[in-house]
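Residue numbers are given in our numbering: position 198 of the sequence shown equals residue 196, and the series is strictly consecutive.
The beta carbon of each residue, even a glycine, is placed where N, CA and C say it ideally should be.
Inspection log for the structure reproduced underneath, given as structure tokens.
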Amino acid sequence: MLNLSSTDLVENLEYLSKQFNRYFPFSIFLFGMIGNILNCFVLSQPNLRMNPCAYLFLISSIANIISITFGLATRVLSGWHMDLAAQNVLICKCRAFVVFVSRTIAFWLIAYATIDRWFSSCILHQRRQMSSLKNSQRVTKIIILASVLLYCQMIYCYDVNITAAPLQCYGKNVVCRSLTDFTYATITVLSPLLIMCIFGLITISNIRHHYYKRALKRKAFKVNPNNKTTFKSVSIQRRRRKRINRYLHHVLFVQIVFLSILTVPQAIEKIYTTLTVNTKKSSLHMTIHKFIYNFVLLLTYLASGLPFYIYTLCGGSIFRNTLLNLLRKIIPNYN
-1 MLNLSSTDLV ENLEYLSKQF NRYFPFSIFL FGMIGNILNC FVLSQPNLRM
49 NPCAYLFLIS SIANIISITF GLATRVLSGW HMDLAAQNVL ICKCRAFVVF
99 VSRTIAFWLI AYATIDRWFS SCILHQRRQM SSLKNSQRVT KIIILASVLL
149 YCQMIYCYDV NITAAPLQCY GKNVVCRSLT DFTYATITVL SPLLIMCIFG
199 LITISNIRHH YYKRALKRKA FKVNPNNKTT FKSVSIQRRR RKRINRYLHH
249 VLFVQIVFLS ILTVPQAIEK IYTTLTVNTK KSSLHMTIHK FIYNFVLLLT
299 YLASGLPFYI YTLCGGSIFR NTLLNLLRKI IPNYN
């Protein structure tokens, strides 16, 4: 028997979870959809769409739209006891498959964007050539195919009316839950984040090295005024390309920080669930776990909805100017 305080805590947490599912997902859905749709329009503009990193951001935004649409729509309905995924087995399986696949695609595209930025910052010309739109398109196809194959298990594993689980549409047995949780935590979240951090740090090191070499060249030019070399020979097109690359470096690093903060908690929760799958839990323990599950799950959707606002606020003038020019085309009287 639970004592009175434990019973009250269970009721309070269940009530809080319901309120989270009613209002928080709807807010994330609105600003996430608006942000990612605007991302798609802006990143499709001529001055950005041919950049390999911008292309990866574009496809990642499309994946985020799919993830938010299939994932949060049912979360909003579940807060009002109208979750179709909890009642229809086909909707349950399709929703789980699409959400996991689209989120994996979005994460790994950002991870490869970090590798692309490393390519573009390398001293070796051969490596810089690896940063190309063609390579980004190839890798995108590979990531999509690998993500689909990785989560084919969801078609079998997920079922409706599952008891003793955070959601009614969930893994139908211990093996399925452990496999899904471990795969999601390690392959979907932690592995791409590790790649982002490693190549992000290497890219920062390369950029610092470039600045150091440039400073030495400027110093040598001042010492020897007869030097024929001039920095004014750089074409306007090349300068613009460098500005876009600097902008992409900046927003990518900021996005990595937010992705880490908002997605690592769910990865930890998944690993904890896998490690304690055979541990007997009390009613209070299960309620606390369900509350944490819902909270960290919503954080991941928040991560999917943030990119546009990161690009707008942290990316300098290029993204904002492109957005303003786009709005002027759509809204004639917009200033």
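Buried versus exposed call for residue i [16 or more other C-beta atoms within 10 Å across all chains shown]
i, result
"aspartate 6", "exposed"
"alanine 83", "buried"
"leucine 54", "buried"
"phenylalanine 306", "buried"
"lysine 139", "exposed"
"valine 8", "buried"
"glutamine 127", "exposed"
"glutamine 253", "buried"
"arginine 115", "buried"
"methionine 194", "buried"
"tyrosine 13", "exposed"
"valine 172", "exposed"
"valine 137", "buried"
Residue i: first and last residue of the uninterrupted alpha helix (DSSP H) it sits in
i, result
"cysteine 92", "87 to 119"
"proline 44", "44 to 47"
"lysine 278", "It is not in any alpha helix (DSSP H) - lysine 278 carries neither H nor E in the DSSP assignment."
"lysine 327", "315 to 328"
"histidine 123", "123 to 127"
"isoleucine 185", "Per DSSP, isoleucine 185 belongs to no alpha helix (DSSP H) and is neither H nor E."
Whether residue i touches residue j by CB criterion (8 Å)
i, j, result
"methionine 48", "alanine 94", "no"
"alanine 162", "serine 100", "no"
"serine 302", "isoleucine 66", "yes"
"tyrosine 335", "lysine 170", "Any property of residue 335 remains undetermined from this structure, which presents the chain solely from -1 to 333."
"serine 68", "valine 40", "A small fix is needed here, since residue 68 is phenylalanine in this sequence, not serine. No, Cβ-Cβ distance for phenylalanine 68 and valine 40 is not below 8 Å."
"leucine 246", "cysteine 51", "yes"
"tyrosine 154", "valine 249", "no"
"glycine 33", "threonine 112", "no"
"proline 23", "valine 87", "no"
"serine 42", "leucine 56", "yes"
"phenylalanine 18", "asparagine 292", "yes"
"valine 158", "cysteine 90", "yes"
"threonine 272", "phenylalanine 180", "yes"
DSSP state of residue i mapped onto helix, strand, coil
i, result
"tyrosine 270", "helix"
"tyrosine 149", "coil"
"aspartate 179", "helix"
"aspartate 6", "helix"
### Message
Pairs of beta-carbons, one from the region 177 to 188 and one from the region 119 to 131, closer than 8 Å: are there three or more?
### Response
The region 177 to 188 makes no contact with the region 119 to 131, as fewer than three CB pairs between them are under 8 Å.
### Task
Check whether the region 272 to 291 touches the region 315 to 333, taking contact to mean three or more Cβ pairs, one atom from each stretch, closer than 8 Å.
The answer is no - the region 315 to 333 does not touch the region 272 to 291, with fewer than three Cβ pairs under 8 Å.
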